[in-house]
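For reference, the structure discussed in these notes is given below.
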Amino acid sequence: MTEVKKQQLLDKKVLRRQILAARDALSEEERKRAALFLTERICGHQWFYMADTVLTFVSYGSEIDTTDILREALAKGKKVYAPKVTGQDMVFYRICSEKDLVLGYKGIREPVGDTEPFLYDPTATDRVLMLMPGAVFDLQKNRIGYGKGFYDRYLADKEELRLKTIAVGFQCQMVEELPANDWDIKPYQVICV
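The opening position of the sequence shown corresponds to residue 76 in my numbering, with each subsequent residue numbered one higher.
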């Protein structure tokens with residue numbers, strides 16, 4: 076590994092730690108207000124309206140709360156899939172209610188993994204929406220995740236699906252510019268509230 080790459084990884088770790096500390100420090104009122112704004116933005120988004128399939132992460136820790144988005148998608152009859160981590164891979168499984176989620180990888184709620192998996196079809200992504208978590212985002216739509224690369228690996232060979240990705244978070248997670256690597260997958264949109 077070159078010295079430049081080592082420095083980029085170190086810079087990412089330091090920045091991730093700083094931004095996550097700021098996110099952790101948000102008040103309960105700030106969190107609730109942001110979750111409400113995010114729900115309005117996503118559920119009013121044309122991609123959500125047009126989608127019959129929603130791939131969404133299940134909020135964990137101090138992440139922005141996506142529970143109401145998940146509930147709204149289910150109430151509207153959309154197929155909802157949530158990620159399950161197995162080893163180094165992430166697979167999205169269909170959920171029909173929040174009761175289909177159990178504690179899994181690192182204490183994150185995830186599907187049991189015994190339901191219908193999401194099958195990627197490059198010709199049918201016009202009616203799919205994917206919401207992505209992250210630690211830090213920038214104005215060029217770069218994203219730093221939590222360091223394991225699950226979303227980068229998942230989307231690496233799904234170019235058409237990348238066109239329907241929205242990374243979401245709090246305003247405090249947005250910075251002007253991030254160090255980016257060739258393997259980093261950018262979301263198509265970033266919404267921080």
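Quick reminder that beta carbons are idealized off the backbone N, C-alpha and C, glycines included.
- Residues of the same chain with a CB within less than 6 Å of the CB of A255, apart from the 5 flanking positions on each side, are N217 in chain order.
- Here the segment 243 to 257 makes contact with the segment 83 to 102; the two share three or more CB pairs at distances below 8 Å.
- The continuous alpha helix (DSSP H) containing E235 extends over residues 234 to 237.
- For D213, the enclosing beta strand (DSSP E) begins and ends at 211 to 213.
- Scanning L130, Q93, L95 for the CA closest to the CA of Y229 turns up L130.
- Taking C-alpha positions only, D189 is separated from I170 by approximately 10 Å.
- For Y263, there is no enclosing alpha helix (DSSP H), as DSSP marks it with neither H nor E.
- Sequence-distant partners of Q246 (beyond 5 residues in either direction) whose C-beta falls short of 7 Å from its own C-beta, in its chain, are C267, V268.
- In the DSSP assignment, F112 falls outside any beta strand (DSSP E) and within the unbroken alpha helix (DSSP H) covering 103 to 118.
- When secondary structure is reduced to three states using DSSP, T142 falls in the helix class.
- About 14 Å separates the CB atoms of Y221 and I260; that is not less than 8 Å, and the two are not in contact.
- Annotation for P186: A157, K159, Y168, I170, D175, L176 place their beta carbon closer than 7 Å to its own, counting only its chain and skipping 5 residues before and after.
- In the assembly as shown, M125 is an exposed residue. Its beta-carbon has fewer than 16 other beta-carbons within 10 Å.
- A210 and K181 have their C-alpha atoms roughly 16 Å apart.
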